[in-house]
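Below is one structure, written out as structure tokens; the observations come after it.
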Amino acid sequence: MKDTRRTRVVFGVLLVVSLMLITVDYRGGADSPLRGLRGFGAAIFGPVERVSAAVVRPIGNSFDAVTDAPGERRRADRLERENQKLREQLRSRGLDQARAAQLERLLGTAGMGGYKIVAAQVISAGQGFEDTVTLDVGSRSGVRPDMTVMSGDGLVGRVTRVGPATATVLLATDVTSSVGSRLEDSKEIGIVQGRGRRGFGGGGTTPLRFQLLNANAPMRIGQRLVTLGSQGERPYVPGVPIGVVERIDRPVGGLTRTAYVRPFASFTTLDVVAVVVAPPKADPRDAVLPPKPTPSPTPTPSATPSTKPSDKPGDRPSGSPRPTTTKPTSGE
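If you use the working numbering, the sequence shown closes out at 1037, no skipped numbers anywhere.
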């Protein structure tokens, strides 16, 4: 169609008429005189509009999905980072609570024994032939070689090497470890020796061995041990709980008796420990030992219901066998 003056006039007239019809219909509302024409237009163009919407809408949704994909990906990544941060916070809070409980127990044990301690955390374990761990404290914190290391449960070992901010501890389970020890109650002394990592295996018994110096001294299963203390209180201070006797070997012509000891400290889960930087003023003896476990009561067998005595001499309980009588024979 050529763009002529007549065409532009016709287009302008149609536009003005359309605006007038829209205005009249809008102001008329539900009583509009053009509602019949509006219904006729809806009947004619409604199906065309629905078909076109059905065709165009998926294309529009796909286009929106493509254009919004980077934003959705960024939103998902942000939510994932926030969730990961929350998980780490919860995990850290749980670890902090566990370490706080360990530290509280450690301070209680040190207080009962009168030990001056420096709290530390195990940051690594030895990978060589020795049973060792590394602590996050060193000479700057007053730690020196040949100092006792303990946990809230009992003896861990002794310091062997010290740096400005770290210290290496030889565990009591190491095969080269020897600790002067004393049995509770009887006060008999002996030597606790480590048995190395093999003591922790499924086929092993316990990782510590105790040799009683007096072969005739009494010793029983369940008896507990504490450190005897070293000359000058180094490397071991007295009174630190070691463990409990689990098995005793029979002496075979020797001068000593051997027992196997389950340690109080869990060497495979060490976390919060303490270095004893000053010994107690007096030997605590058995004061630091944990309370003995209370034996669980053994159930007593239930009593059988008593049988009500019969009122008549001939009566008997129901279900009881009939008494037999032996007829006396002649000549008796």
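Virtual Cβ for every residue (Gly too), placed ideally from N, Cα, C.
All of these numbers come straight from a predicted model, not from anything done at the bench.
Strand pairing of residue i, partner residues [DSSP]
i      : result
TYR965 : ARG914, ARG952
THR837 : LEU875
ARG779 : BP columns for ARG779 are empty, so no partner.
GLY862 : VAL854, LEU876
LEU930 : LEU888, GLY948
ALA824 : ALA979
SER883 : GLN898
Residue i versus residue j - alpha carbon distance
i       : j      : result
PHE915  : SER829 : 28 Å
ARG967  : ARG952 : 9 Å
PRO940  : ARG780 : 59 Å
GLY907  : THR814 : With a pLDDT of 44 at GLY907, under the threshold of 50, the modelled position of that residue is not reliable, and no figure is offered here.
GLY944  : ILE894 : 13 Å
ARG778  : ARG786 : 12 Å
ASN919  : LEU888 : 12 Å
GLY927  : PRO946 : 14 Å
VAL993  : LEU784 : 51 Å
GLY899  : ASN788 : 46 Å
LEU933  : ASP782 : 60 Å
VAL942  : VAL827 : 21 Å
ALA805  : THR973 : 19 Å
LEU812  : ASP801 : 16 Å
MET725  : GLY776 : 45 Å
GLY717  : THR709 : 13 Å
PRO998  : GLY818 : 20 Å
ASN921  : ALA870 : 48 Å
LEU917  : ALA824 : 33 Å
VAL714  : ILE727 : 20 Å
GLY831  : GLY937 : 28 Å
GLY862  : ILE896 : 14 Å
LEU1078 : SER844 : Because the chain here runs from 706 to 1037, residue 1078 falls outside it and cannot be looked at.
SER883  : ARG962 : 16 Å
LEU808  : LEU975 : 12 Å
PRO996  : THR839 : 30 Å
ARG866  : THR837 : 11 Å
ARG990  : LYS892 : 9 Å
THR712  : VAL721 : 14 Å
GLY901  : VAL880 : 5 Å
LEU876  : ALA803 : 22 Å
Reduced DSSP category for residue i - H, G, I as helix; E, B as strand; rest coil
i      : result
MET817 : helix
GLY717 : helix
SER829 : strand
VAL848 : coil
VAL993 : coil
VAL842 : coil
SER723 : helix
Extent of the continuous beta strand (DSSP E) to which residue i belongs
i      : result
ALA979 : 977-983
VAL942 : Unbroken run through VAL942: none, as it is neither H nor E.
GLY899 : 894-899
From the options, residue whose alpha carbon lies closest to that of residue i
i      : options                        : result
THR853 : VAL931, ASP991, ALA803         : VAL931
ASP890 : ARG925, GLY899, GLY847, THR881 : ARG925
GLU835 : PRO946, ASP801, VAL874, ALA825 : VAL874
ALA964 : SER886, ILE822, LYS986         : SER886
LYS821 : ASP801, ARG866, ALA987         : ALA987
ALA970 : LEU724, VAL842, PRO912         : PRO912
PRO985 : GLY899, GLY816, ARG710         : GLY816
GLY859 : PRO850, VAL842, GLY847, THR878 : THR878
ALA872 : MET725, VAL977, THR973, ARG849 : ARG849
ALA983 : LEU719, THR709, SER846, VAL950 : SER846
ASP841 : ARG711, GLY868, ASP851         : GLY868
VAL864 : VAL980, ALA824, GLY818         : VAL980
THR950 : GLN832, ARG929, ALA824         : Just to set this straight, residue 950 is Val in the shown sequence, not Thr. Minimum Cα distance to VAL950 is reached at ARG929.
ARG810 : VAL978, ASP991, ARG990         : VAL978
PRO923 : PRO989, ASP954, GLY901, PRO996 : ASP954
GLY948 : ARG711, VAL722, GLY857         : GLY857
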